[in-house]
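Worksheet: the structure to be examined is printed underneath.
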Amino acid sequence: MITNSIFKVCLVAVAICSFSVLFNAASDPPQAIEIQSGNTSFQTITNVPGLEVAGKSSAVSGRVLVSRNDAGLLLQQIEASVPVKSLATGISLRDEHMRKYIFTTSDGQLPDLEFKANEASCVPVATTQEFTCHVSGELSIRGVMKPLSVTLRAKQQGGAPLSFRAAGDALVKLSDYGITPPSQFGVRPANEVRVHLEFNGKESRQVTASTGEAR
Amino acid sequence: MKFRYSKILCTIAVLIGMGPQARSLPTMIRLGYTNCSTCHISPQGGGLLNAYGRGIDQAQSLRGGDYKPAEGKWLRFFTWDHRITEDVRSVTQEQIASTTGKPGTQILRSRLMYRNATDLGSGVRFSMTLTAENENVLRPTFPYDHPTKTGTLFLNTSLLSYRPKGNLEIAAGRDQLPNGINIPDLGVFVRSRNRSGYYDSLTQVKIFWWGKRYLITPYAFGPGGNEQTGERESGGGALAEVDPFGHQHTVFGMNLLRATSRSRDRTLIGPYARLGFGSWGVLAEHDITNYAAGAKFGALQQRTTYGQLFWYPKEWLLTSIGGERLGVDVPFKQELNAARFDVSARIASQATIGFTLRVQHDPLSGRTVRSLALNVALKTVT
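Residue numbers (the working numbering), protein chains in the order written: chain E, 1187 to 1401; chain C, 691 to 1072.
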């Protein structure tokens, strides 16, 4: 009887300890981080030796839920978007062609570029303030969603509210989206487009501390 | 002696130093165009544009829009089924200048050019440029550097080229030598004082080999035929440039040249840079020319420097400020400092207008030359 009681007490203690460990490890309330200022740039080679086409946008927006765990950071509900009209290459006619031949849907719509991922883990690098995040999600170009992996390097900026500076790179293949690279008088960009992303993320105040969900 | 050269130099350098933008645009580095071969038929730049270049030319004009090549039965006939690319270009310049203690001057220069590039097939091309002008303005005469002669008609380019690969071209004939930052104004010190002015077309063989991050141009040359007695140079050199960061916005290069003639030998070392970031950029070149001792004078060094900061408030509107320096050692001591402000508007692919304000000071004579020039460049586009 006594042995049985001791066993039950031990079982409860182990359960409490286990719950406590799990709670500390993964259930820090997530905080919503919003992209405050972001830039995205792209670059692709062409069939002409020495010529590349590059462009950029400063209109990146997005949000992510961030929580700390023993392994580093846990990112959830990752969302980012770039208005196609904000992408510029320096030549307005080339921008017009880019929008027309690459980003316009068959029914004439011009949807934003969107990236979404459910979850990603970030592991610390060098210090506890710097992380590398392998984010696997989906990128939508002219409404077509395709898998895309982005490697982000994030650095936590000190103090409150919580903020991060992050940068990452990805490779997008136009053919994955059914897009044929357009040609202009024999000059044609390659199928592979290198994308670079840089942004500052800052804790959003529009978050309930108890649930971590954005209103 | 000093006074005489200063007077000549002040007047003529201003006259030739206000050339219109009639050739290549190294400012295109701002958009990632690291060399000229993408838009120009010749990889050296300047001269006729290829179809893509004509598209860019129109896109970057106030008129804008898509370039649509002319078509038609007769055009096909006269262009040998589009093997011949040609245009007629006129450049007119009205210029007024005032010099300290001297009456002002006014000059109207008009230059008409016929440019032709004929594709002979299998990568072989013949190019020519023929210029007619109402006023010849030679560069200044100095004991160590006599200007080349010219007439009303001048054959700038007569070149046979062979392009075995997309990034390799071999050319032989008559043309200007490859040049550092390759600015269109051939009157600036780094060009006119280094035998790369309007009338310096030499017989030469050159190779252009380029890639994403480099351009290498070795060349060998002989006299052009219009040099003065004893000034007929032969020699060789190489121009090499690299984009060290691979971002297509920073190019650093070096031009090395050695020339020999009956009167004296010279070597030139010319580092240069083209930097461009979106709407603005910097062009810079510094050339050091060492003249070996000749029969009539000893060794001397000439230094020319050019710097330009440019900004495009609109795609079709170029504004820039810049400075130039010229320094020559004794016994032909010279020092000139100049500042300039340029505005150039590309109204359409056929028309560009611009003006240049330039102030040049000679600290040895105390003279200052102020000048203002209005340029109008027109060309046919088919």
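Heads up, the beta-carbon is just placed ideally off N, CA and C, and yes, glycines get one too.
Please tell me whether C:V1071 has its Cβ less than 8 angstroms away from any Cβ of chain E. no
- prompt: Counting pairs of Cβ atoms below 8 angstroms between the region 906–913 of chain C and the region 882–898 of chain C, do you hit three or more?
  reply: yes
With a Cβ-Cβ cutoff of 8 angstroms, do C:I719 and C:H976 count as a contact? no
Discussion item. In the DSSP output, what is C:M803 paired with across the bridge?
Written reply: C:R779, C:T821
(Q) For C:G794 and C:Q750, what's the separation of their Cα atoms in angstroms? (A) The straight-line gap from Cα to Cα measures roughly 37 angstroms.
Does C:A1067 have its Cβ less than 8 angstroms from a Cβ in chain E?
no
Candidates C:R903, C:G920, C:A822, C:A787, of which the one nearest C:G984 by Cα
C:G920
Original post:
If you count every other CB in all the chains shown that lies within 10 Å of the CB of E:I1327, and 16 or more means buried, which is it?
Top reply: buried
ask   = Should the region 743–759 of chain C be regarded as contacting the region 854–865 of chain C, the criterion being three or more beta carbon pairs within less than 8 angstroms?
value = no
Check: If you measure from the beta carbon of C:T728 to each beta carbon in chain E, is any gap under 8 angstroms?
Finding: yes
Does C:G1056 come within less than 8 angstroms of chain E when only Cβ atoms are used?
no
TODO: Taking a Cβ distance cut-off of 9 angstroms, strictly less, list which residues of the region 845–857 of chain C are near chain E, in chain order.
DONE: Considering only beta carbons, the part of the region 845–857 of chain C lying closer than 9 angstroms to chain E consists of K855, G856, N857, in chain order.
Check: Can you list, in chain order, the residues of its chain whose CB lies under 7 angstroms from that of C:D747, leaving out five sequence neighbours each side?
Finding: Cβ contact annotation for C:D747 (same chain, cutoff 7 angstroms, sequence separation greater than five): L739, S1039, in chain order.
May I ask you to verify whether the region 1022–1032 of chain C touches the region 887–894 of chain C, counting CB pairs closer than 8 angstroms and requiring at least 3?
-> no
- request: Using a Cβ cut-off of 9 angstroms, pull out every chain D residue sitting near E:F1228, in sequence order please.
  value: Any reference to chain D falls outside this structure, whose protein chains are E and C.
* To do: List the residues that DSSP assigns as beta-bridge partners of E:E1238.
  => E:I1231
**Prompt:** Hey, E:P1368 and E:V1239: beta-carbon distance below 8 angstroms or not?
**Reply:** no
- Query: When the cut-off is 8 angstroms and only beta carbons count, does E:P1333 lie next to chain C?
  - Reply: Interface annotation, E:P1333: not in contact with chain C, CB-CB separation never under 8 angstroms.
| message | Considering only the alpha carbon of each residue, which of E:K1302, E:K1271, E:V1234, E:Q1342 lies closest to E:C1308? | response | E:Q1342
| said: I'd like the span of the alpha helix (DSSP H) that includes C:Y962, first residue to last. | reply: Not the alpha helix (DSSP H): C:Y962 falls in the beta strand (DSSP E), residues 955–967.
**Report entry** Amino acids of chain E, ordered along the chain, whose beta-carbon sits closer than 7 angstroms to that of C:Y742
**Finding:** Q1370, F1371, G1372, V1373
C:T724 touches chain E at which residues, Cβ-Cβ below 7 angstroms? G1236
Should C:F768 go down as buried or exposed, given a rule of 16 or more other Cβ atoms within 10 Å for buried? exposed
Closest to E:R1351 by C-alpha separation, out of E:Q1262, E:K1302, E:L1261, E:A1340, would be which residue?
E:A1340
- Message: Please identify, using Cβ separations under 7 angstroms, the residues of the region 1246–1268 of chain E that lie next to chain C, in order along the chain.
- Response: Within the region 1246–1268 of chain E, no residue qualifies.
Proximal residues of chain C, C-beta to C-beta of E:S1278 below 8 angstroms: For E:S1278, the C-beta contacts it makes with chain C under 8 angstroms involve A749, G754, E1005, in order along the chain.
**Asked** What is the DSSP secondary structure of C:R881, counted as helix, strand or coil?
**Response** helix
- Assigned secondary structure, C:Y834 (DSSP; H/G/I helix, E/B strand, else coil): coil
Within chain C, the residues that E:A1352 reaches when beta carbons sit closer than 8 angstroms
Per Cβ cutoff of 8 angstroms: no residues; E:A1352 is ~21 angstroms from chain C at best.
At a Cβ cut of 9 angstroms, what residues of the region 891–907 of chain C count as close to chain E, listed as they run along the chain?
W900, G901, K902, R903, Y904, L905
Can you check whether the C-beta of C:G968 is within less than 8 angstroms of a C-beta belonging to chain E? yes
Quiz item: Since C:G743 is in the alpha helix (DSSP H), which residue starts that stretch and which ends it?
Solution: 741–749
- Query: Got a sec: is the Cβ-Cβ distance from C:L721 to anything in chain E below 8 angstroms?
  - Reply: yes
Requested in this report: Kindly indicate the opening and closing residues of the beta strand (DSSP E) around E:R1380.
Outcome: 1378–1389
Exposed or buried, what is C:R952 when buried is set at 16 or more other beta-carbons lying within 10 Å of its beta-carbon?
That one is exposed.
- With 16 other Cβ atoms within 10 Å as the buried cut-off, status of C:K792: Classification for C:K792: exposed.
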